[in-house]
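J.:
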Amino acid sequence: MAEISEEKLRAIIFEILNLERKNLRSKAKTDQRMSEEIQRIIMEYARQRF
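Under the numbering used here, the first residue of the sequence shown is numbered 104, with each subsequent residue one higher.
1. Taking only the alpha-carbon atoms, compute the straight-line gap between I107 and I116 and give it to the nearest angstrom.
2. Which value, in whole angstroms, describes the spacing of the CA atoms of Q135 and E123?
3. Alpha carbon to alpha carbon, how far is A114 from A149? Give it in angstroms, no decimals.
4. Run through DSSP, which three-state label would I107 get?
5. Using the three-state DSSP reduction, which class does A114 fall into: helix, strand or coil?
Have a look at this one:
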């Protein structure tokens, strides 16, 4: 398994935390929907690697 750069890891974390912050304010997304969004973000960054 290839290692991910620290810069890319920080970008993923920042995007997920930003998504969480927005959802805390609006409560628009359920836990399931948030989980799907987080999975989507991780998959996008994984695809960018190759």
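A virtual CB, placed ideally from N, CA and C, is assigned to each residue, including glycine. In this text, all values refer to a predicted model and were calculated from it rather than measured experimentally.
T.: In brief:
1. If you number the sequence shown from 1, residue 107 lands on position 4. If you number the sequence shown from 1, residue 116 lands on position 13. Going from the Cα of I107 to the Cα of I116 covers about 13 Å.
2. Counting from one through the sequence shown, the residue named residue 135 turns up at place 32. Counting from one through the sequence shown, the residue named residue 123 turns up at place 20. Cα to Cα, the separation comes out at about 13 Å.
3. For this step, residue 149 is matched to residue 46 along the sequence shown. For this step, residue 114 is matched to residue 11 along the sequence shown. Distance between the alpha carbons of A149 and A114 is about 12 Å.
4. In the sequence shown, counting from the first residue as 1, residue 107 sits at position 4. Three-state DSSP puts I107 in coil, outside helix and strand.
5. Indexing the sequence shown from 1 puts residue 114 at position 11. In this structure, A114 counts as helix in the three-state DSSP scheme.
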